[in-house]
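Asks:
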Amino acid sequence: MSTTTSSGPTTRDRILDAATELFYSQGIRAVSADKIIERAGITKVTFYRHFRTKDTLVVAYLERQAAWERQALEGVRAATGDDAEVLRRFARAVGTETCRPGFRGCSFINAAAEYADPGSPVRKTVAEHRAWYRQTFAAMAGRLGVADPEQAADELMMLRDGAMLTGYLDDPSRVGTALERAIFAVVDAARAGSPT
């Protein structure tokens, strides 16, 4: 239904681009379908042809963000093959992201705050992405010799979440360095506690 033309993105991508900008800058509940339609420069019929409901669009927005984050982390891992270096670059990337003008925290934490029902499709999408992060962190921690990779993954997830909130609410300039130190404090402590 959506086709890419030589002049630009598909209609679906234009809708997602508009939604991403508006949802992130203004909040999901504050943005109406009409605002997205206006920003994308389409008709209501076109909007609803691509997204039956606003929640369907919210899920697509989060899935797109999740795919971007996963590709970025997997790309670093493929390029380095070194889990410690992946974690260092991850911390630096979070630090860079938090210093970006208009940074408002984590898209997934923000969405979860607006959707109270854990059974909603939006919260399920958030939970799936967070589970991917935990599995990824656990796998890296295991390869780094951590005795309890799942516990380390939970701690790394808390650090990631805290860094995103700190970058939004406080001075973001030190987030990357602080996150890197904290990540390796967890990893090193977990290694030190490993049976020899």
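The working numbering puts the first residue of the sequence shown at -14, with every later residue one more than the last. Quick reminder that beta carbons are idealized off the backbone N, C-alpha and C, glycines included. Bear in mind the structure is a predicted one, so any value in this text is a computation, not a measurement.
1. With C-beta atoms as the reference, is A167 less than 7 Å away from L144?
2. Who does G127 pair with in a DSSP beta bridge?
3. Would you kindly work out how many angstroms separate the C-alpha atoms of A(-3) and F8, rounded to a whole number?
4. Give the single residue among D139, K109, R176 and G152 whose Cα lies nearest to the Cα of C91.
5. If you draw a straight line from the alpha carbon of R55 to that of A124, how long is it in whole angstroms?
6. How about A138 and R119: do their beta carbons lie closer than 7 Å?
7. Might you give, ordered along the chain, the residues of its own chain that have their beta carbon closer than 7 Å to the beta carbon of D133, omitting 5 neighbours on each side?
8. Can you tell me whether T110 is buried or exposed, with buried defined as 16 or more other CB within 10 angstroms of its CB?
9. For G12, does the three-state DSSP call read helix, strand or coil?
10. With contact counted as at least three CB pairs below 8 Å, one residue from each stretch, are the stretch 12 to 21 and the stretch 74 to 86 in contact?
11. State the CB to CB distance for the pair D40 and P106, rounded to an integer number of angstroms; the pair is presumed to be in contact (CB under 8 Å).
12. Which term fits A97, buried or exposed, when burial requires 16 or more other beta carbons within 10 angstroms of its beta carbon?
Replies: According to the data block:
1. Taking 7 Å as the Cβ cut-off, A167 and L144 qualify as a contacting pair.
2. The partner list for G127 (beta bridge, DSSP) is empty, contrary to what the question assumes.
3. Per the sequence presented here, residue -3 reads as Arg, with Ala not at that position. When rounded, the distance between both Cα atoms is 16 Å.
4. Closest by alpha carbon: G152.
5. Here the C-alpha atom of R55 lies approximately 14 Å from the C-alpha atom of A124.
6. A contact, by the Cβ cut-off of 7 Å.
7. The residues are A175.
8. Answer is buried; the Cβ neighbour count reaches 16.
9. Shown here, G12 sits in coil according to DSSP, grouped into three states, outside any helix or strand.
10. Counting Cβ pairs under 8 Å, fewer than three are found: no touch.
11. With a Cβ gap of about 6 Å, D40 and P106 count as contacting.
12. Flag for A97 reads buried.
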